[in-house]
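As structure tokens, the structure follows; a few thoughts come after it.
There are 2 protein chains.
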Amino acid sequence: MAGIWGTGRDGASSIVMSGGYEDDIDEGDVIVYTGHGGNDPNTRRQVANQDLTQGNLALAKSCDDGLPLRVTRGFRLDSPYAPENGYRYDGLYTVERYWSQVGRSGFKIWRYRLALEPGEPAPPRRDGAAAAAAGTLGPASRAETTVQRIVRNSAVAEQVKDMYDHCCQICGCRIQTRAGAYSEGSHIRPLGRPHDGDDVVGNVLCLCPNHHVQLDLGGLTIDPSSLVITGNGIPSGRTLTVLPGHVIDRAQLAYHASLFQ
Amino acid sequence: MAGIWGTGRDGASSIVMSGGYEDDIDEGDVIVYTGHGGNDPNTRRQVANQDLTQGNLALAKSCDDGLPLRVTRGFRLDSPYAPENGYRYDGLYTVERYWSQVGRSGFKIWRYRLALEPGEPAPPRRDGAAAAAAGTLGPASRAETTVQRIVRNSAVAEQVKDMYDHCCQICGCRIQTRAGAYSEGSHIRPLGRPHDGDDVVGNVLCLCPNHHVQLDLGGLTIDPSSLVITGNGIPSGRTLTVLPGHVIDRAQLAYHASLFQ
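Protein sequences, first through last, are from chains D and P. Sequential numbering of the first sequence, starting at -7, is according to the numbering used here. Sequential numbering of the second sequence, starting at -7, is according to the numbering used here.
Given below as structure tokens:
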């Protein structure tokens, strides 16, 4: 029955939208998806509260970690984007946000705002009409906001974050969200030209957001030999925590230190 | 002479690319721009180190705060994207990253990776050739990375951050980068459908990245009456710091608290 594949530890890998939930909203490139549990399979109405467990927790974890998931729409879905028959794979979406609220039924539901990844083709409308240029759920407020910071994730970053169980290698703190622990995989030598840092374990640290910002924007440096951290607000003599098995590429620490001299 | 307009306090509003710097790279939608200072106006060679002051500091501040800037290319620019004659306004770019390094000259320069904002038309090539589908500087590593988190900024958020001089309203910390202090304007009731929070001072807090993540992802709530903060890792009884003149909309705190029950 459940349309969500995944676990609270690793996030969700895919969902199937098959018309199960009265609170779902589908605008093609943006979806407000309802979690599972508590609905009557015959009437599709909510008859009990939903919990943030199992698939629901998996989707929340996907949001925290920015993990994309595969979306499939089924012909039973009550949406202009449902296929005429069968099931259609509609590409990768990311979970932009999650929250709980009382649904139409009067019971608590978990909801997820999903957005089609850039570069993925928009799903076709059943009635053949062109997708609205700007759906009402579309990228709201984009005109008035700017992007201050984009935090990226990768399979290698996930590996390092798991290794440290999300504890920051600089301060030891472990940020809690509603879905568990949160950390950011931080590349010592930046990815992409002209730096061309590698996405490998030796070039990635597990940091809290505060120390990730400082690493990226020149607010701290880490001595390649002693691993002593120098930065405003960081106690004197503090060294980077490194677990056995995490071999940090010291040359990348030297490269990083050179970036903000 | 200087091609950068702006201040270290407010960021840069615009740059003109006019062929002044030997280390500039121009691929149209992505630019690696060299800061100003230390070059000989006749030979265009660096003859001294550059400092992170004035326009250079302004560009770094733009990076920290995600402020877009206007880019104009001049006919003297040594680039396939330079106009045949005169000056051409080429739209809004954001500063993705900044760093210092030793340039070709042997002197220290400050460099800025600029990316054309989504939705802006790509600049035309002088030779009429189509822009390369993927320039060598292009969105590197995007295929292997995913977006974990996007932090947005707005004029209202800037106003609140200035009000608190970047001190977090939850913990009081003030994150330092190479360009000064860093904070994030955090909307209590989220922007965009279906929440439709307003981008107004009463709905925005000045937070450090750690507490912004916790606010957005349900790791903390703030009592609408007492302003007591509840969340893992937050000392018992801590209340939100609110300066006179910052009238927080308590109804939005109640809305936020309802999102992660």
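Glycine residues also receive a C-beta, built at the ideal position from the N, C-alpha and C atoms.
Close-in-space but distant-in-sequence residues of the same chain around S71 of chain P (CB under 6 Å, 5 per side omitted): Indexing the second sequence from 1 puts residue 71 of chain P at position 79. Answer for S71 of chain P: D18, listed in chain order.
Distance between Y13 of chain D and G95 of chain D (C-alpha atoms, nearest Å): As a working mapping, residue 95 of chain D is identified with position 103 in the first sequence. As a working mapping, residue 13 of chain D is identified with position 21 in the first sequence. Taking the straight line from one Cα to the other gives about 10 Å.
Amino acids of chain D, ordered along the chain, whose beta-carbon sits closer than 8 Å to that of N202 of chain P: Here the question's residue 202 of chain P lines up with position 210 in the second sequence. Result: C165, I167, C200, P201 and N202.
In chain order, each beta strand (DSSP E) run of at least 3 residues that lies wholly inside the stretch 160 to 231 of chain D: 167 to 169, 172 to 174, 176 to 179, 196 to 199, 212 to 214 and 221 to 223
Interface flag, F252 of chain D vs chain P, CB-CB below 7 Å: For the purposes of this step, residue 252 of chain D is taken as residue 260 along the first sequence, with counting starting at 1. Yes - at least one Cβ of chain P is within 7 Å of the one on F252 of chain D.
Which listed residue (P:C198, P:I142, P:R166 and P:E109) has its alpha carbon closest to that of G83 of chain P: Residue numbering aside, residue 83 of chain P sits at position 91 when the second sequence is read from its first letter. Closest option to G83 of chain P, Cα to Cα, is P:E109.
Proximal residues of chain P, C-beta to C-beta of I277 of chain D below 7 Å: Residue 277 of chain D lies beyond the stretch modelled for chain D, which goes from -7 to 253, so this question has no answer here.
Minimum length 3: unbroken beta strand (DSSP E) runs contained in the stretch 15 to 88 of chain P: Correct list: 22 to 26 and 61 to 66.
Distance, G194 of chain P Cα to S210 of chain P Cα: Walking along the second sequence from the start, residue 210 of chain P turns up at place 218. Walking along the second sequence from the start, residue 194 of chain P turns up at place 202. Residue 210 of chain P is actually Gly in this sequence, not Ser. Cα to Cα, G210 of chain P sits roughly 20 Å from G194 of chain P.
Candidates P:D56, P:R118, P:T231 and P:G184, of which the one nearest G164 of chain P by Cα: Along the second sequence, one-based indexing puts residue 164 of chain P at 172. Of the listed residues, the one whose Cα sits closest to G164 of chain P is P:T231.
Buried or exposed by the 16-neighbour rule on C-beta atoms within 10 Å, applied to Y77 of chain D: Looking up residue 77 of chain D in the first sequence gives position 85. Tyr is not the amino acid found at residue 77 of chain D; the sequence shown has Asn there. That one is exposed.
Amino acids of chain A, ordered along the chain, whose beta-carbon sits closer than 8 Å to that of R68 of chain P: Of the protein chains in this structure, namely D and P, none is chain A.
According to DSSP, residues forming a beta bridge with V234 of chain P: Taking the second sequence and counting its residues from 1, the one referred to as residue 234 of chain P is at position 242. Looking at the DSSP assignment, V234 of chain P forms no beta bridge with any residue, so it has no partner.
Residue-level contact to chain P via CB, N31 of chain D, 7 Å cutoff: In the first sequence, residue 31 of chain D corresponds to position 39, counting from 1. By this cut-off, N31 of chain D is not an interface position.
Neighbour flag for S92 of chain P against chain D, beta carbons, 7 Å: Taking the first residue of the second sequence as 1, we reach residue 92 of chain P at position 100. Yes, S92 of chain P lies at the interface with chain D (some Cβ there is under 7 Å from its Cβ).
Distance CB(C160 of chain P)-CB(L199 of chain P) smaller than 7 Å: Here residue 160 of chain P is taken as the residue at index 168 of the second sequence, counted from 1. Here residue 199 of chain P is taken as the residue at index 207 of the second sequence, counted from 1. Yes; because the gap between Cβ atoms is below 7 Å, this pair is in contact.
Between the CA atoms of P115 of chain P and R65 of chain P - distance to the nearest angstrom: Here residue 65 of chain P corresponds to residue number 73 of the second sequence, with the count starting at 1. Here residue 115 of chain P corresponds to residue number 123 of the second sequence, with the count starting at 1. Distance between the alpha carbons of R65 of chain P and P115 of chain P: 10 Å.
Interface residues of the stretch 56 to 67 of chain D facing chain P [CB-CB below 8 Å]: D56, D57, G58, L59 and P60
Distance, I101 of chain P Cα to S218 of chain P Cα: What you label residue 218 of chain P is simply residue 226 of the second sequence in a count that begins at 1. What you label residue 101 of chain P is simply residue 109 of the second sequence in a count that begins at 1. Each residue's alpha carbon lies about 51 Å from the other.
Where the beta strand (DSSP E) through Q140 of chain P begins and ends: Along the second sequence, read from residue 1 onward, the residue named residue 140 of chain P stands at position 148. It spans T137 to N145 - the beta strand (DSSP E) in which Q140 of chain P sits, taken as one unbroken run.
The alpha helix (DSSP H) enclosing A246 of chain P, as first and last residue numbers: Locating residue 246 of chain P in the second sequence gives position 254, counting from the first residue. Counting along the chain, the alpha helix (DSSP H) containing A246 of chain P begins and ends at R242 to S250.
Cβ of R230 of chain P within 7 Å of any chain D Cβ: Numbered from 1 along the second sequence, position 238 holds the residue referred to as residue 230 of chain P. By this cut-off, R230 of chain P is not an interface position.
Any C-beta of chain D under 7 Å from that of Y192 of chain P: The count along the second sequence starts at 1 and reaches residue 192 of chain P at position 200. It should be noted that the sequence gives Val, not Tyr, for residue 192 of chain P. False, the Cβ-Cβ gap to chain D never drops below 7 Å.
Spatial distance of R103 of chain D from V24 of chain D (CA atoms): Position 111 of the first sequence holds residue 103 of chain D. Position 32 of the first sequence holds residue 24 of chain D. Taking the straight line joining both Cα atoms gives about 6 Å.
Distance CB(A107 of chain D)-CB(S54 of chain D) smaller than 7 Å: Numbered from 1 along the first sequence, position 115 holds the residue referred to as residue 107 of chain D. Numbered from 1 along the first sequence, position 62 holds the residue referred to as residue 54 of chain D. Contact: no.
Beta-carbon gap between G189 of chain D and V152 of chain D smaller than 7 Å: Numbered from its first residue, the first sequence carries residue 189 of chain D at position 197. Numbered from its first residue, the first sequence carries residue 152 of chain D at position 160. No.
Inter-residue spacing [alpha-carbon to alpha-carbon] between R1 of chain D and H248 of chain D: Taking the first sequence and counting its residues from 1, the one referred to as residue 1 of chain D is at position 9. Taking the first sequence and counting its residues from 1, the one referred to as residue 248 of chain D is at position 256. Their Cα atoms are separated by approximately 32 Å.
Residue environment, P182 of chain D, which counts as buried when at least 16 other CB atoms sit within 10 Å: Here the question's residue 182 of chain D lines up with position 190 in the first sequence. P182 of chain D is classed as buried because its beta carbon has at least 16 other beta carbons within 10 Å across all chains shown.
Inter-residue Cα distance where the pair is P131 of chain P and T45 of chain P: Counting from 1 along the second sequence, the entry for residue 131 of chain P is found at position 139. Counting from 1 along the second sequence, the entry for residue 45 of chain P is found at position 53. Note that P131 of chain P scores a pLDDT of 46, beneath 50, so its modelled location is shaky and nothing firm can be said.
R105 of chain P - containing beta strand (DSSP E), residue span: Position 113 of the second sequence, counted from the first residue, corresponds to residue 105 of chain P. Unbroken beta strand (DSSP E) run through R105 of chain P: K100 to L108.
Range covered by the beta strand (DSSP E) that runs through G(-5) of chain D: If you number the first sequence from 1, residue -5 of chain D lands on position 3. Neither: G(-5) of chain D is in no beta strand (DSSP E) and is coded neither H nor E.
Residues of its chain near V205 of chain D, where Cβ-Cβ distance is below 8 Å and the 5 sequence neighbours each way are ignored: The residue given as residue 205 of chain D occupies position 213 in the first sequence. Here the set comprises R141 and G211.
Cα-Cα separation, T233 of chain P to I7 of chain D: The residue labelled residue 233 of chain P in the question sits at position 241 within the second sequence. The residue labelled residue 7 of chain D in the question sits at position 15 within the first sequence. One C-alpha to the other measures close to 41 Å.
Opposing strand residues paired with M9 of chain P [DSSP bridges]: Stepping through the second sequence from its first residue, residue 9 of chain P is reached at position 17. According to DSSP, M9 of chain P bridges with P:R65.
Chain P within 7 Å of G211 of chain D, Cβ atoms only: Residue mapping note: residue 211 of chain D aligns to position 219 of the first sequence, counting from 1. Cβ-Cβ to chain P under 7 Å: yes for G211 of chain D.
Amino acids of chain P, ordered along the chain, whose beta-carbon sits closer than 9 Å to that of P72 of chain D: Within the first sequence, residue 72 of chain D is the residue found at index 80, counting from 1. Chain P residues near P72 of chain D: none, gap ~17 Å exceeds 9 Å.
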